[in-house]
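Trainee: Protein chains in written order, with the numbering used here: chain A, 7 to 384; chain B, 7 to 384; chain C, 7 to 384; chain D, 7 to 384.
Protein chains: 4
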Amino acid sequence: MVDAPKSEIIIDTDVGIDDATAILVALRHPGTSVKAFTIVDGNVDMLQAVENAKTLLSVTGNKDIPIWAGADGPLVRGIVKKELWPGHGDDGLGNVSTSGDEELNLPGAKEIKTQPGHAANALVNMVNERPGVYTLVALGPLTNLAIAITLDPTFLTKVKTVFIMGGCLFAKGNSNRAAEFNIHCDPEAAHIVFHSASQLSKPEEAPPKLTLVTWELTVEHGFPWSFFDHLTQSQPVNEFGRFLRSMTGCAMALSRSQHELLAGGPGPSKSAILVEKEQLGEAATTKTRTHHEEYLYGAHSFLMPDLYALVAALDPESVTSYKDWDVQVELNGTHTRGMTHMDWWGATPAMGPNSRVVLAMDNERTKAILEKTFKTSF
Amino acid sequence: MVDAPKSEIIIDTDVGIDDATAILVALRHPGTSVKAFTIVDGNVDMLQAVENAKTLLSVTGNKDIPIWAGADGPLVRGIVKKELWPGHGDDGLGNVSTSGDEELNLPGAKEIKTQPGHAANALVNMVNERPGVYTLVALGPLTNLAIAITLDPTFLTKVKTVFIMGGCLFAKGNSNRAAEFNIHCDPEAAHIVFHSASQLSKPEEAPPKLTLVTWELTVEHGFPWSFFDHLTQSQPVNEFGRFLRSMTGCAMALSRSQHELLAGGPGPSKSAILVEKEQLGEAATTKTRTHHEEYLYGAHSFLMPDLYALVAALDPESVTSYKDWDVQVELNGTHTRGMTHMDWWGATPAMGPNSRVVLAMDNERTKAILEKTFKTSF
Amino acid sequence: MVDAPKSEIIIDTDVGIDDATAILVALRHPGTSVKAFTIVDGNVDMLQAVENAKTLLSVTGNKDIPIWAGADGPLVRGIVKKELWPGHGDDGLGNVSTSGDEELNLPGAKEIKTQPGHAANALVNMVNERPGVYTLVALGPLTNLAIAITLDPTFLTKVKTVFIMGGCLFAKGNSNRAAEFNIHCDPEAAHIVFHSASQLSKPEEAPPKLTLVTWELTVEHGFPWSFFDHLTQSQPVNEFGRFLRSMTGCAMALSRSQHELLAGGPGPSKSAILVEKEQLGEAATTKTRTHHEEYLYGAHSFLMPDLYALVAALDPESVTSYKDWDVQVELNGTHTRGMTHMDWWGATPAMGPNSRVVLAMDNERTKAILEKTFKTSF
Amino acid sequence: MVDAPKSEIIIDTDVGIDDATAILVALRHPGTSVKAFTIVDGNVDMLQAVENAKTLLSVTGNKDIPIWAGADGPLVRGIVKKELWPGHGDDGLGNVSTSGDEELNLPGAKEIKTQPGHAANALVNMVNERPGVYTLVALGPLTNLAIAITLDPTFLTKVKTVFIMGGCLFAKGNSNRAAEFNIHCDPEAAHIVFHSASQLSKPEEAPPKLTLVTWELTVEHGFPWSFFDHLTQSQPVNEFGRFLRSMTGCAMALSRSQHELLAGGPGPSKSAILVEKEQLGEAATTKTRTHHEEYLYGAHSFLMPDLYALVAALDPESVTSYKDWDVQVELNGTHTRGMTHMDWWGATPAMGPNSRVVLAMDNERTKAILEKTFKTSF
Ligand SMILES: [Ca+2]
Ligand SMILES: [Ca+2]
Ligand SMILES: [Ca+2]
Ligand SMILES: [Ca+2]
């Protein structure tokens with residue numbers, strides 16, 4: 007019996023904690039071969055993100071996967087100032103690089119070199135050498151992809167498919183009021199990517215080239231604390247799991263203590279969206295919750311946006327509902343710059359959809375993938 | 007036993023079909039006294055809307071309620087071009103005024119005169135004469151309210167409360183991709199109203215001065231065709247019901263025939279949102295529905311946005327869930343001009359909420375009100 | 007011999023120093039009768055501007071001219087934050103109201119009452135009572151005019167003509183980089199006024215309804231210090247001149263001392279534009295002058311923008327060159343919000359011009375008018 | 007005696023008629039060595055511009071100068087639609103490529119190949135190989151330069167200096183009402199270039215890295231028809247001159263016949279700006295000139311914007327006046343998108359100037375250069 011050929015993926019990433027978690031999953035996934043990392047500014051500065059990628063490759067023993075440094079800021083500078091979530095730590099990896107954890111092979115990162123040239127040129131070269139082969143998974147701002155498209159306007163036609171963690175479904179932003187962080191960091195880059203996908207000639211039966219995992223999808227699919235305990239605390243925990251525990255320890259402890267303080271006891275194990283719905287029906291009618299309370303209720307577990315995009319790419323059956331839409335990026339709004347908007351009512355049907363937007367995923371499949379990645383011995 | 011004093015309301019309206027339905031409900035409601043109509047450009051031109059208000063007062067025998075003509079277009083002209091929904095008919099009332107229906111007292115409208123002066127001055131005068139008394143129900147673009155606030159910056163402090171049909175909750179617009187019609191017609195006016203509400207000093211326990219009924223609230227609370235049949239076709243139907251039947255006949259027949267044609271039979275009696283959710287889970291995963299299909303599925307009954315705002319004002323207990331938010335209007339977006347956005351995550355808590363946003367209503371209460379209005383004999 | 011009928015003017019003003027100077031000129035002008043003041047927020051807060059108008063009427067013995075309070079801020083609030091020029095003093099009149107000058111009849115201002123109602127309603131009422139009679143001179147932000155047009159869209163057809171101090175000719179702004187203060191304070195109001203003028207049916211031979219005196223016109227027509235000395239210091243100086251001296255004393259002394267300090271001696275008596283041209287040809291090629299130097303060279307005398315608009319209204323022959331243009335206001339620019347732009351190349355000829363833009367004035371005529379106002383005995 | 011080393015320049019161009027004229031001047035200039043052409047979309051499509059560059063190299067016997075194809079449209083697409091001036095002809099070179107002129111070596115163009123890779127990468131590679139050596143002359147939209155800066159944020163530090171034909175001085179645009187064509191074609195690219203220049207550390211004495219030749223500079227330095235006759239018609243005319251004559255023939259004939267028709271005789275020999283000033287002082291006060299008349303008066307000779315930028319680069323002494331400014335590009339305006347604005351009053355002095363803006367040039371020097379290029383025998 008012959009194994010199916012492995013899916014070959016390139017990961018474009020700003021290497022924060024959720025990127026790292028997703029990357030660990032990808033590196034451990036049996037049906038997938040990670041062929042390259044292209045690095046972009048986002049959760050941390052680009053150069054720190056490069057260091058983080060080296061750390062991940064050293065820790066997981068994957069020193070041969072090439073890394074390219076890419077854009078060190080948005081395409082059009084001096085407009086948006088990104089606001090960073092402190093939970094990523096100073097290094098973007100929960101300060102694991104200075105954690106002194108002796109079990110992790112951190113010093114090995116120093117021996118890893120980046121490839122010469124800009125990530126965007128690397129992307130163009132790779133897809134031209136082997137058109138139609140690579141799945142591209144974009145876990146940060148879309149700057150590198152936009153430059154690749156600018157250098158080669160046919161870029162997207164030579165990618166097999168692109169999975170993007172980015173955008174909002176209902177304008178419930180996490181960066182400004184209406185925009186998600188990755189898109190808000192570089193709205194023009196996102197526009198270039200979506201616009202290029204809209205220009206593709208689309209045979210009737212072909213799916214859109216882009217698949218989108220939004221912020222709201224993440225919030226609606228949060229895991230309860232108990233599962234995270236199970237994953238990182240209960241034996242067995244493998245080497246990847248030990249790294250995950252180190253990386254997420256401080257942030258989890260912080261969020262959790264705040265949550266339990268507020269809730270007067272251990273947090274709920276319901277999904278975030280259920281908790282929110284209850285709140286809207288009950289407590290919400292009596293008073294407005296503060297930002298802090300809202301965050302805790304809306305994020306009663308550690309939210310891992312990039313993880314869902316990666317799982318959707320590795321395991322197509324994890325996506326249980328989606329819709330194909332013409333997605334556009336607002337470039338000019340005072341309050342809405344960087345907001346994605348879906349053509350909910352088909353107001354622009356002539357353009358056709360440029361994106362497949364994930365509406366629901368099977369958390370049980372994702373849990374199984376996480377168990378395999380972080381608990382199963384090698 | 008002494009009756010509770012009646013609630014005194016002023017209705018600012020562009021007098022389309024759903025405005026008219028709401029107005030009929032208000033005129034029949036026992037606990038409510040409609041004190042004035044102020045007319046604004048929107049679903050139809052302002053002068054036609056004035057004629058429609060006269061028609062309603064003639065048909066219902068309320069010739070003594072004063073009508074003021076107001077703004078004949080948005081505050082800042084030459085930017086937004088409004089797109090009208092054809093279902094309102096040429097006259098905005100489903101062409102009832104040229105229907106030749108002999109039972110309705112249509113000619114009597116000619117005897118009704120409007121009051122002198124601009125609606126905005128009338129609003130200012132009324133609230134200054136009896137501060138704190140009037141509930142204002144705004145069923146069209148907010149131009150008249152904005153001018154009133156401009157003429158008297160303390161205007162809102164002298165209104166008891168303002169119910170507004172306007173805005174989107176999830177950026178699922180019905181005018182551009184992200185904005186609802188009433189707000190999109192005059193975004194600057196809406197900004198002026200919301201901004202003024204934000205400036206009010208707010209004692210801790212006081213609710214926001216504005217209550218918002220959004221487009222999505224409407225879509226999620228649509229009634230099935232069968233209820234509309236029951237309301238307008240099955241005996242008994244009173245005079246108001248006969249007018250409703252005349253006014254909505256053509257539009258309903260049109261929507262319905264299209265719907266049944268598409269569905270291969272009489273339409274579903276489920277709520278619109280349920281239908282949509284099923285679609286997202288099933289058919290939506292196989293293909294993208296066209297605008298036309300989407301509309302039919304999303305609006306399998308006659309949608310009456312203004313009705314919900316009016317019912318919320320008349321019958322506070324009909325509102326079963328709400329949330330207080332800082333609501334802002336996007337003035338500059340390329341794709342999002344006129345979009346309302348809620349501060350979902352409390353990103354601007356210092357400002358405090360300016361609006362109470364209705365999240366759910368009790369359709370059974372609304373049904374009972376409709377039955378009373380359109381079926382009970384006088 | 008019968009005198010020509012006097013021109014009847016209404017002055018809409020934010021009553022800063024240059025407004026006050028212009029108003030003194032108007033009150034003394036033999037061919038002109040000032041019929042009303044409508045007050046708007048701008049150089050100072052609206053309520054202070056009302057006090058300043060009272061001061062002017064008391065000092066000049068014109069207690070019978072009616073004053074209406076108007077808009078206390080821009081139409082659309084919370085967007086532009088106005089930056090005030092400190093030279094107007096705390097009270098907008100060079101602190102003359104607290105100067106203790108015994109010769110001036112300052113206490114009399116307290117006896118003057120404003121008229122009831124909003125300035126915009128007053129404007130609408132006046133032009134409807136005597137259509138075609140009044141010349142309107144707007145010396146501040148255009149908020150009151152915009153509200154008047156909003157209340158009565160035919161407002162401009164009933165005004166004889168409107169003279170406006172506002173806008174830039176070459177995008178050499180004095181408020182942001184490209185916009186002039188009056189327009190930048192309320193760009194939407196300005197848009198409403200220009201848009202309304204564009205909608206007027208224009209017989210081929212009729213001039214545009216609006217006449218514009220821009221910031222650059224002011225800079226290019228500055229008077230030398232020596233003339234200001236002559237006007238306010240050398241005898242004879244009449245009562246109006248004494249007031250002018252009191253009002254402008256501090257600001258002049260400040261500007262002048264800085265200028266002489268920089269220039270190493272008494273300043274030039276050339277026109278500002280000549281000085282600038284020399285600088286561009288000489289010193290400017292060696293280094294960039296600082297803001298401070300630029301200001302001094304560009305304003306080597308006391309600049310009186312509102313004065314030129316008033317003189318153009320009183321004395322049509324003072325205008326020696328003009329051009330009729332379609333003038334538009336930028337509402338959305340990041341750097342250019344509030345900028346006026348002229349259709350230099352006739353790119354939109356179909357619209358036709360809405361404004362007569364003054365390009366040059368005869369300074370000798372203006373000087374003569376100033377001499378008459380401030381030096382001739384009554 | 008040893009010759010001074012030649013200035014080594016790279017020309018980034020969209021190869022319209024004025025680009026071609028400038029390129030001919032550069033190729034003939036004794037002190038200059040043209041090292042490369044990088045091609046950008048603008049006056050014509052990028053691929054046609056590549057063909058035009060080949061034509062120029064074939065005609066002038068410079069087949070060894072490398073050509074790189076670059077951006078085939080603006081960075082952020084789908085926003086600005088460029089409007090082309092018909093005078094460039096279908097091919098951008100006055101239809102010379104289909105003119106059948108036997109004297110010109112047109113077929114030789116077919117033998118010339120472009121270099122592999124994108125122009126932006128070529129720019130990055132060249133300046134990194136020989137930092138500080140190349141003068142870059144940008145005669146089209148700034149897309150290639152922006153991509154080069156994006157790929158290598160230190161790009162500008164390695165260029166000796168950049169001369170740009172682009173922008174407006176007084177917002178008297180030729181593309182929209184306020185913006186010049188090259189900047190308006192790709193405002194985001196221009197922003198990236200100006201923003202990068204603003205970020206450079208600037209020693210006190212160093213001039214800004216960018217030198218700007220604006221549209222208004224061009225209009226104010228137009229040559230009279232008689233000089234163009236002299237240049238292209240009167241013997242001697244060399245091979246370059248014959249090409250110039252072929253290339254400009256149709257356009258000149260067209261403009262000229264219109265002008266003479268209008269003027270009732272052969273056109274004036276005064277500079278455009280003088281003509282305009284007279285008009286403003288005389289005719290302009292009586293009526294508004296149409297777009298057509300304006301164009302003819304403002305362009306009574308063949309306007310060659312790119313020529314002035316090239317001459318300024320080749321012959322620094324031709325620049326007789328300039329000013330160093332902080333120049334910004336408006337990205338968001340409704341009417342002003344793509345407008346450059348100068349910090350006329352030093353409102354942002356902390357940033358320091360990013361551009362040297364040419365205010366006047368010595369037309370006699372330019373004339374002498376043109377004579378040498380087009381009339382002197384080789
Ligand atoms: Ca990420
Ligand atoms: Ca309505
Ligand atoms: Ca003023
Ligand atoms: Ca060019």
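All C-beta atoms, glycine included, are put in the ideal place defined by N, C-alpha and C.
Since the model is a prediction, treat every value here as computed from it, not as a measurement.
(1) Is any non-hydrogen atom of ligand 2 found closer than 7 Å to the C-beta of B:Asn58, if you look at the structure I gave you?
(2) D:Gln239: buried (16+ other C-beta within 10 angstroms of its C-beta) or exposed?
(3) Three Cβ pairs or more, each shorter than 8 Å: is that satisfied between the region 345-352 of chain A and the region 171-181 of chain A?
(4) Assign C:Met52 to one of two classes, buried (16 or more other C-beta atoms within 10 Å of its C-beta) or exposed (fewer than that).
(5) If you measure from the beta carbon of C:His190 to each beta carbon in chain B, is any gap under 8 Å?
(6) Going straight from the alpha carbon of C:Ser64 to that of C:Asp312, what length do you get?
(7) Excluding five sequence neighbours on each side, which residues of the same chain lie with their C-beta closer than 7 Å to the C-beta of C:Ala366?
(8) Would you mind reading off the limits of the beta strand (DSSP E) that contains D:Val14?
(9) Considering only residues of the same chain and omitting the five flanking positions on each side of D:Tyr140, which have a CB-CB separation below 8 Å?
(10) CA-CA distance, C:Glu226 and C:Asn360?
(11) For the region 71-79 of chain A against the region 114-121 of chain A, are there 3 or more C-beta pairs whose distance is under 8 Å?
(12) In chain D, which residues lie with their C-beta within 7 Å of the C-beta of C:Lys178?
(13) Using beta carbons (cut-off 8 Å, strictly below), is D:Asn369 in contact with chain A?
(14) Flag this pair as yes or no: are the beta carbons of A:Leu206 and A:Thr156 separated by less than 8 Å?
(15) What does the Cβ neighbour count give for A:Thr19, buried or exposed, with the cut at 16 atoms within 10 Å?
(16) Compare the C-alpha of C:Leu62 against each of C:Glu89, C:Val168, C:Ala185 and C:Gly247 and name the closest.
(17) Any idea what DSSP makes of B:His347, helix, strand or coil?
(18) Just the C-alpha distance for D:Asn369 and D:Pro193, rounded to the nearest angstrom, thanks.
(19) Cα separation between D:Ala385 and D:Val21?
(20) Rounded to whole angstroms, what's the CA-CA distance from A:Ala289 to B:Lys329? Just pull it up for me.
(21) Using a Cβ-Cβ distance under 8 Å, would B:Leu337 count as near chain A?
(22) On the CB-based measure, 16 or more other CB atoms within 10 Å of its CB, does B:Leu99 come out buried or exposed?
(23) Extract the residue ranges of the beta strand (DSSP E) inside the region 56-113 of chain C, only unbroken runs of 3 or more that lie entirely within it.
(24) Could you work out which residues of chain B lie near A:His347, taking near to mean beta carbons separated by less than 8 Å?
(25) Could you tell me whether the region 110-117 of chain C touches the region 34-48 of chain C, using the rule of 3 or more Cβ pairs below 8 Å?
(26) Check this for me: beta carbons of A:Glu186 and A:Thr217, under 8 Å apart or not?
(27) Which partner residues of A:Tyr328 appear in the DSSP bridge assignment?
(28) Among all the DSSP beta bridges, which residues are the ones paired with C:Ile153?
(29) Is it buried or exposed for A:Ala212, if we count other Cβ within 10 angstroms and need 16 for buried?
(30) Hey, would you say the C-beta of A:Asn49 is under 7 Å away from at least one heavy atom of ligand 1?
(31) Please state whether DSSP places D:Ala144 in a helix, a strand or coil.
(32) Using the C-alpha atoms, what's the distance from B:Gln241 back to B:Lys276?
(33) So, does the CB of D:Pro159 fall closer than 8 Å to a CB anywhere in chain A?
(34) Is the Cβ-Cβ distance between B:His386 and B:Ser181 less than 8 Å?
Mentor: Working from what's here:
(1) Every heavy atom of ligand 2 is 7 Å or more from the Cβ of B:Asn58, so no.
(2) Burial call: exposed.
(3) Output reads yes: the region 171-181 of chain A touches the region 345-352 of chain A.
(4) Sixteen is the threshold: when 16 or more other Cβ atoms of the shown chains lie within 10 Å of the Cβ of C:Met52, as they do, the residue is buried.
(5) Output row for C:His190: interface = no.
(6) Rounded to whole angstroms, C:Ser64 and C:Asp312 show a C-alpha spacing of 21 Å.
(7) The beta carbon of C:Ala366 sits closer than 7 Å to the beta carbons of Thr326 and Ser327 from its chain, once the five residues preceding and following it are set aside; these are given in chain order.
(8) The question names Val, yet the displayed sequence has Glu at residue 14 of chain D. For D:Glu14, the enclosing beta strand (DSSP E) begins and ends at Ser13 to Thr19.
(9) Excluding positions up to five away in sequence, the list reads Glu14, Ile15, Ile16, Lys41, Met132, Val133, Val165 and Lys166.
(10) Put simply, the backbone Cα of C:Glu226 is about 24 Å away from that of C:Asn360.
(11) By the Cβ test, the region 71-79 of chain A is in contact with the region 114-121 of chain A, since at least three Cβ pairs between them sit closer than 8 Å.
(12) Per Cβ cutoff of 7 Å: Trp350.
(13) Cβ-Cβ to chain A under 8 Å: no for D:Asn369.
(14) Against a cut-off of 8 Å, the Cβ pair of A:Thr156 and A:Leu206 comes out as no contact.
(15) That one is buried.
(16) Answer by Cα proximity: C:Gly247.
(17) In the structure shown, B:His347 sits in a strand (DSSP, three-state: E or B).
(18) D:Asn369 and D:Pro193 have their alpha carbons spaced roughly 30 Å apart.
(19) Look at the range of chain D in this structure, 7 to 384, and you will see that residue 385 of chain D is not part of it.
(20) Residue confidence is low: A:Ala289 scores 35 on pLDDT, short of 50, so the model does not pin down where it sits. No coordinate-derived value is stated.
(21) Chain A, which has a Cβ nearer than 8 Å to the Cβ of B:Leu337, makes this yes.
(22) By the Cβ neighbour-count rule, B:Leu99 is buried, with 16 or more other Cβ atoms within 10 Å of its own.
(23) Runs of the beta strand (DSSP E) inside the region 56-113 of chain C: 73-75.
(24) Going along chain B in sequence order, the residues near A:His347 (Cβ under 8 Å) are Ala177, Arg183, Ala184, His341 and Thr342.
(25) The answer is no - the region 34-48 of chain C does not touch the region 110-117 of chain C, with fewer than three Cβ pairs under 8 Å.
(26) No, the pair does not count as a contact, with Cβ atoms beyond the cut-off.
(27) As DSSP reads the structure, A:Tyr328 sits in a beta bridge with A:Val364.
(28) None; C:Ile153 has no bridge partner.
(29) Label assigned to A:Ala212: exposed.
(30) Checking the Cβ of A:Asn49 against ligand 1 gives yes.
(31) Residue state for D:Ala144 is assigned as strand, using DSSP reduced to three classes.
(32) Confidence at B:Lys276 is low in this model, with a pLDDT of 33, below 50, so its placement is unreliable and no value can be given for it.
(33) It does; some Cβ of chain A falls within 8 Å.
(34) Because chain B is modelled from 7 through 384, residue 386 of chain B falls outside the range shown and cannot be assessed.
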